[in-house]
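The structure appears below as structure tokens.
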Amino acid sequence: MDLRKPSGMFFTLLGFIVAATGLVNPSARAPLTDLNVNLYAGAGMLIFGGLLLWLAHRASR
Amino acid sequence: MTLFAVDYIILIVYFAFVLGIGWYLKRTVSTSEDFLTSGRSVPLWITSLAFVAANLGAQELIGMCASGAKYGIMTSHFYWVGAIPAMVFMGVFMMPFYFGSRARSVPEYLKLRFDEKTRAFNAFSFAVMTVFSSGISMYALGLLLQLVLGWSFTASVLLSAGIVLVYTFLGGLTSAIYNEVLQFFLIVLGFAPLAYLSVQKAGGWEGMKGRLPAVMTSSWQYMGDASQNPMGVDVFAMVAGLGFVLSFGYWCTNFLVVQRALAARNMAEGRLTPLVGAFPKMLLPLVVIMPGIAAVALSQMGLGYELPRKGDGYDYDQVLTTLMAQFYPSGLLGVGLTGLMASFMSGMAGNVTAFNTVWTYDIYQSYIKKDAPDSHYLLVGRITTIAGVALSIACAYLATLYNNIMDLLQLVFGFVNAPLFATFLLGMFWKRAAANGAFAGLISGTLAAAATHGLTVAEGKGGWIATLTAYPSTMAQNFWIAIWAFTVCFVVTVLVSWISAPKPVEELKGLVWGVTPIPREENVPWYEKPALLGVIVLAACLVLNIIFW
Chain D
142 MDLRKPSGMF
152 FTLLGFIVAA
162 TGLVNPSARA
172 PLTDLNVNLY
182 AGAGMLIFGG
192 LLLWLAHRAS
202 R
Chain U
5 MTLFAVDYII
15 LIVYFAFVLG
25 IGWYLKRTVS
35 TSEDFLTSGR
45 SVPLWITSLA
55 FVAANLGAQE
65 LIGMCASGAK
75 YGIMTSHFYW
85 VGAIPAMVFM
95 GVFMMPFYFG
105 SRARSVPEYL
115 KLRFDEKTRA
125 FNAFSFAVMT
135 VFSSGISMYA
145 LGLLLQLVLG
155 WSFTASVLLS
165 AGIVLVYTFL
175 GGLTSAIYNE
185 VLQFFLIVLG
195 FAPLAYLSVQ
205 KAGGWEGMKG
215 RLPAVMTSSW
225 QYMGDASQNP
235 MGVDVFAMVA
245 GLGFVLSFGY
255 WCTNFLVVQR
265 ALAARNMAEG
275 RLTPLVGAFP
285 KMLLPLVVIM
295 PGIAAVALSQ
305 MGLGYELPRK
315 GDGYDYDQVL
325 TTLMAQFYPS
335 GLLGVGLTGL
345 MASFMSGMAG
355 NVTAFNTVWT
365 YDIYQSYIKK
375 DAPDSHYLLV
385 GRITTIAGVA
395 LSIACAYLAT
405 LYNNIMDLLQ
415 LVFGFVNAPL
425 FATFLLGMFW
435 KRAAANGAFA
445 GLISGTLAAA
455 ATHGLTVAEG
465 KGGWIATLTA
475 YPSTMAQNFW
485 IAIWAFTVCF
495 VVTVLVSWIS
505 APKPVEELKG
515 LVWGVTPIPR
525 EENVPWYEKP
535 ALLGVIVLAA
545 CLVLNIIFW
């Protein structure tokens, strides 16, 4: 098993869920945050997941 | 802290993935070696991250953040003085013997190099320690979830232990290791935003320096005298006790981590495992310690954040979760909480997989049933996995009697791993070291650890024989226990070896320096040369020490 595939899928899914939460509820804030951290962190996870999937895809060719 | 549907969904998705990986890897297990040692088939990037992740349990995550708040950046010594040099030593100097011996476990190496009784001593003490460690970790998690989310202690302990049991039972060590990598990513992605947000809110590192007493933000300047810093430790105790004995003992002889390196495909990758792992490891303090320090600064800024209290003191073990509540809205909060779960599971799976290997090969196969077919040992390995989890749960309830998790853990390591490093050092680098010497050294080293604890007092702990010295902190006491255990083991091993018959040199092939072929790396690129990589790691680590001087 190429571990990059399931972990890539996991973080893409996770990033999607978190970023979507940020989009649906853009004004959600924790007591000490000023930004829409869900959107940014979610986007970061999406990128990381996508990178893993891309690496796995490249290796399998 | 309140969770919403999205947070639970994230947690469930994570559970589904770790179980799915275990289910998928089920097909790779057909022999006991597949189940217990991964059949030496795991790629380098995975073994290196698992090497780091197996140590990154919940008590490490919670404890490092707690220590950050209590002691400041001095906590980084656990990484930049402790772990990193030890990992380099492991990769460059020790792996050739572990791999050269073809041993399946640390106790088995002791059997090959010394004798049966040395193996038995190590196997039994290690088995007890792993069960104990994973119990403490489980306790930490259960308590925290109860406190923060109101979840039942029993329910969260049983659920998380049950999931670890299922995926290690299905896919064995491979499943544990693969999941550790997923968990490592999740821990970093789940807590890096917290580190960034909390440090930024506290005014960045420079802003924190301005707000906090200088002793919290300099790692070395107040180490000259134990009374100057809150850890109550001086340079000697720090470097010799933590940096040398405890860390080298842990990273070089603790089968929990050594097992990850032994799962590598060949000796070259086995040697590179701790060296490659050292890079993410040395950056972890920025994620796990920094939020703790930032929390103290934040509590002085009138933002409404206060350090969690218990009675008339602070409850540092809750710093991490109170910060999460302050900085993570629902969504990211689910990720952070899942990261905490993941760290717990990676630590526990590490303990369980090390426990079942030592039990099956070093205790069951050696003393209970010697010549059974392999399928029998596979079955024993599987049953031991269940037993290990059950015993850990029992220890979790036992651990409720103790308070500071980190200190207790250090104390246990002091008893088990500190003398052991002296045994390995002599065993691997001195041909004359004899079996009786090693055994006498280990026993007397362990007794010396117990005696040091019984003869010294710190924060009201120890001194159950008499009080010869008082240390300013239990941490200083633990470091000195380790130093004494190591020294006594070293001296006794040397003395007894001198008066006993040496092992014939032919029997030492592959086990000792001088009679073990060290692979030459003439045709490999620079980044695959262990010695060169080790120098780069140490240089980078030195730079970090200077930055936070």
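In the order they appear, the protein sequences are chains D and U.
So that you can map any letter, position 7 of the first sequence is 148 in the working numbering, and since no number is skipped, the others follow by simple counting.
So that you can map any letter, position 29 of the second sequence is 33 in the working numbering, and since no number is skipped, the others follow by simple counting.
Every residue, glycine too, gets a C-beta built ideally from N, C-alpha and C.
Practice problem: Give every residue of the same chain whose Cβ lies closer than 6 Å to the Cβ of D/Gly120, excluding the five residues on either side of it in the sequence, and list them in chain order. | Solution: Residue 120 of chain D lies beyond the stretch modelled for chain D, which goes from 142 to 202, so this question has no answer here.
Quiz item: Within this structure, are the beta carbons of U/Asp38 and U/Thr172 separated by less than 9 Å?
Solution: no
Quiz item: Can you check whether the CB of U/Gly458 is closer than 9 Å to the CB of U/Leu276?
Solution: no
Quiz item: Does any CB atom of chain D fall closer than 9 Å to the CB of U/Ala329?
Solution: yes
Exercise. Under 8 Å by Cβ, that's how I've got U/His81 and U/Met242 pegged, so tell me the actual separation to the nearest angstrom.
Key: 6 Å
Quiz item: Do the region 65-81 of chain U and the region 91-105 of chain U meet, that is, are 3 or more Cβ pairs less than 8 Å apart?
Solution: Because the criterion of three Cβ pairs below 8 Å is not met, the region 65-81 of chain U and the region 91-105 of chain U do not touch.
Self-check item: Close Cβ partners of U/Met410 (< 6 Å) along its chain, the five nearest in sequence each way excluded
Solution: Any reading at U/Met410 needs caution, since the residue's pLDDT is 47, under 50, leaving its predicted position unreliable; the model's value is listed next. Result list for U/Met410: Gly67, in chain order.
Self-check item: Whether U/Gly441 touches U/Val498 by CB criterion (9 Å)
Solution: Yes, the Cβ-Cβ distance between U/Gly441 and U/Val498 is below 9 Å.
Quiz item: Where does the unbroken beta strand (DSSP E) through U/Tyr475 begin, and where does it stop?
Solution: 473-475
Quiz item: Along the chain, where does the beta strand (DSSP E) that runs through U/Thr364 open and close?
Solution: Here U/Thr364 belongs to no beta strand (DSSP E), and DSSP marks it neither H nor E.
Exercise. Taking only beta-carbon positions, decide if D/Leu154 is within less than 9 Å of chain B.
Key: Among the chains of the structure shown, chain B does not appear; the protein chains present are D and U.
Quiz item: Between the region 136-143 of chain U and the region 8-25 of chain U, do at least 3 Cβ pairs fall closer than 8 Å?
Solution: With the cut-off at 8 Å, the region 136-143 of chain U and the region 8-25 of chain U do not touch.
Quiz item: For U/Asn270, does the count of other Cβ atoms within 10 angstroms reach 16, so buried, or fall short, so exposed?
Solution: Exposed.
Practice problem: Please compile the residues from chain U whose C-beta is within a distance smaller than 7 Å of the C-beta of D/Leu144. | Solution: Ile50, Tyr182, Val185
Quiz item: Three-state secondary structure (DSSP) at U/Thr404?
Solution: Coil.
Quiz item: Whose CA, out of D/Arg202, D/Ser201, D/Leu196, D/Leu180, lies closest to the CA of D/Ala161?
Solution: D/Leu180
Quiz item: Is DSSP giving U/Val46 helix, strand or coil here?
Solution: strand
Self-check item: Burial state of U/Gln304 (16 or more Cβ within 10 Å)
Solution: exposed
Practice problem: Report yes if the C-beta distance between U/Gly104 and U/Leu515 is below 9 Å; otherwise report no. | Solution: yes
Quiz item: Which class does U/Lys374 belong to by DSSP, given the choice of helix, strand or coil?
Solution: coil
Quiz item: Shortest alpha-carbon distance to U/Ala486 belongs to which of U/Met352, U/Ala455, U/Phe259, U/Ile551?
Solution: U/Ala455
Quiz item: Is the region 157-171 of chain U close to the region 291-302 of chain U, with three or more CB pairs under 8 Å?
Solution: no
Practice problem: Tell me U/Arg313's beta-bridge partners as DSSP assigns them. | Solution: Answer by DSSP bridge pairing, in chain order: U/Tyr318.
Practice problem: Going by DSSP, name the residue or residues bridged to U/Val461. | Solution: In the DSSP output, where bridge partners are listed per residue, U/Val461 has U/Gly466, U/Ala474.
Practice problem: Assess, as a yes-or-no matter, whether the region 385-400 of chain U is touched by the region 352-363 of chain U under the definition of 3 or more beta carbon pairs within less than 8 Å. | Solution: yes
Quiz prompt | At least 3 beta-carbon pairs within less than 8 Å: the region 190-202 of chain U vs the region 332-341 of chain U | solution = yes
Quiz item: Assuming U/Gly245 contacts U/Phe21 under a Cβ cut-off of 8 Å, what Cβ separation, rounded to an integer in Å, is found between them?
Solution: Rounded, the Cβ-Cβ distance is 40 Å, inconsistent with contact.
Quiz item: What do you reckon, are the CB atoms on U/Thr122 and U/Thr427 nearer than 9 Å?
Solution: It is a contact, given that the beta carbons lie within the stated cut-off.
Quiz item: What in chain D is Cβ-close to U/Pro333, meaning under 9 Å?
Solution: Thr162, Gly163, Asn166, Ala169, Arg170, Ala171, Thr174, Asn177, Val178, Asn179
Quiz item: Under 7 Å Cβ-Cβ, which residues of chain D neighbour U/Ile14?
Solution: Leu155, Ile158
Quiz item: How is the alpha helix (DSSP H) around U/Phe173 delimited, first residue to last?
Solution: 157-205
Self-check item: Cα-Cα separation between U/Trp155 and U/Thr6, rounded to whole angstroms
Solution: 11 Å
Exercise. For D/Ala182, decide whether its Cβ has a neighbour in chain U, counting only Cβ atoms nearer than 9 Å.
Key: yes
Quiz item: Which of helix, strand or coil does DSSP assign to U/Ala268?
Solution: Under the three-state reduction of DSSP, U/Ala268 is assigned to strand.
Exercise. Return the CA-CA distance between U/Ala462 and U/Leu288, expressed in angstroms with no decimal places.
Key: 29 Å
Self-check item: C-alpha gap between U/Leu216 and U/Leu542, whole angstroms
Solution: Roughly 29 Å between the two C-alpha positions.
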